[in-house]
Ligand code: C2E
Ligand code: MG
Ligand code: MG
Ligand code: MG
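Numbering (UniProt numbering), first residue to last: 737 to 1026.
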């Protein structure tokens, strides 16, 4: 009986693995053509200042409009794109498209904002990355100071010397750098010592329970303090509730990004938000609690 169960489990396991492997292969095969067919689209999620509640930036987040499967979120294809190196052409496309739109919005008379583009580890290993960034800015006609590149701690894990050279090169172009998903990687603190990021993005896993879990609250306050002491601006990711917002305001977080203000949206509705100068209503904090 036990043996049978074991065998059944094994069969179930392999069937599941086969299904996943074939899904993976089909995604991988499809991705190559999807880029040339124009099936990828950049969505934008506003980043809002907690000093005045206005939009100061937007994170560019890629989506795949699949002809049969509908809208595929990046969690489903970015890991596969990284394994198959498709992330390099895809990431470069996101970079160009984001610069193009940001420059267009400025030409249309909208208040200038920073566009933040995620950079995968493989992109950082392209020998010509700096040229590609400069080219994206030139073609778009966007001033470098309006571009921010987000890297995660995993990027800084391997080939530290090469990565440091690249990061310094990016900074020299006048482009901003932010450390994404801060706190979830391995040796977060050592990068902060070695490289001066412009911004720290506190991972949403710490933000989720700040108003109920004293440990998360303490961690977030410590990250904010650390960021400020090191001269960085601090953004909290994944802000969904008024309670989280109030906590972050009291903690003097510089900016936030999250569903409370807006989900990632298409370029057109984002432009509309910017045009209407939609603002975040900030909580009235008269007595500081710490
Ligand atoms: P990320 O860079 O940390 O982006 C933030 C993610 O959090 C986005 O997920 C966003 O939709 C989600 N988010 C924002 N506010 C909230 C909130 O209030 N609550 C919750 N629950 N989630 C929120 P998304 O768009 O699914 O992207 C997932 C990840 O995929 C990104 O994480 C990033 O690592 C990667 N990604 C997306 N676009 C690109 C890209 O163009 N290039 C690369 N290399 N990676 C990308
Ligand atoms: Mg990001
Ligand atoms: Mg993040
Ligand atoms: Mg993330």
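A virtual CB, placed ideally from N, CA and C, is assigned to each residue, including glycine.
Residue from the options with nearest C-alpha to residue i
i           : options             : result
residue 908 : 867, 948, 938       : 867
residue 962 : 946, 926, 1012, 883 : 926
residue 813 : 832, 839, 756       : 756
residue 894 : 912, 858, 957       : 858
residue 860 : 850, 825, 851       : 825
residue 970 : 789, 863, 914       : 914
residue 975 : 931, 840, 898, 937  : 937
residue 977 : 946, 754, 928, 768  : 946
residue 804 : 784, 770, 906       : 770
residue 774 : 783, 959, 829, 943  : 829
residue 900 : 837, 917, 928       : 928
Per DSSP, the bridge partner or partners of residue i
i           : result
residue 952 : Paired residues: none, contrary to the question.
residue 933 : Paired residues: none, contrary to the question.
residue 888 : 916
residue 799 : 777
residue 992 : 784, 972
CA-to-CA distance, residue j to residue i, given in whole angstroms
i            : j            : result
residue 891  : residue 939  : 16 Å
residue 1020 : residue 1010 : 24 Å
residue 954  : residue 761  : 43 Å
residue 841  : residue 764  : 33 Å
residue 806  : residue 966  : 44 Å
residue 973  : residue 919  : 12 Å
residue 995  : residue 871  : 33 Å
residue 850  : residue 889  : 22 Å
residue 845  : residue 852  : 20 Å
residue 957  : residue 988  : 9 Å
Reduced DSSP category for residue i - H, G, I as helix; E, B as strand; rest coil
i           : result
residue 963 : helix
residue 983 : helix
residue 862 : coil
residue 813 : helix
residue 763 : helix
Residues of its chain near residue i, where Cβ-Cβ distance is below 6 Å and the 5 sequence neighbours each way are ignored
i           : result
residue 881 : 910
residue 808 : 800, 802
residue 790 : 1015
Cutoff 8 Å; reference residue i; Cβ partners in own chain excluding five residues on either side
i           : result
residue 797 : 778, 779, 780, 781, 810, 854, 1000
residue 985 : 786, 1018, 1019, 1021
Close Cβ partners of residue i (< 7 Å) along its chain, the five nearest in sequence each way excluded
i           : result
residue 856 : 818, 823, 827
residue 903 : 913, 931
residue 833 : 778
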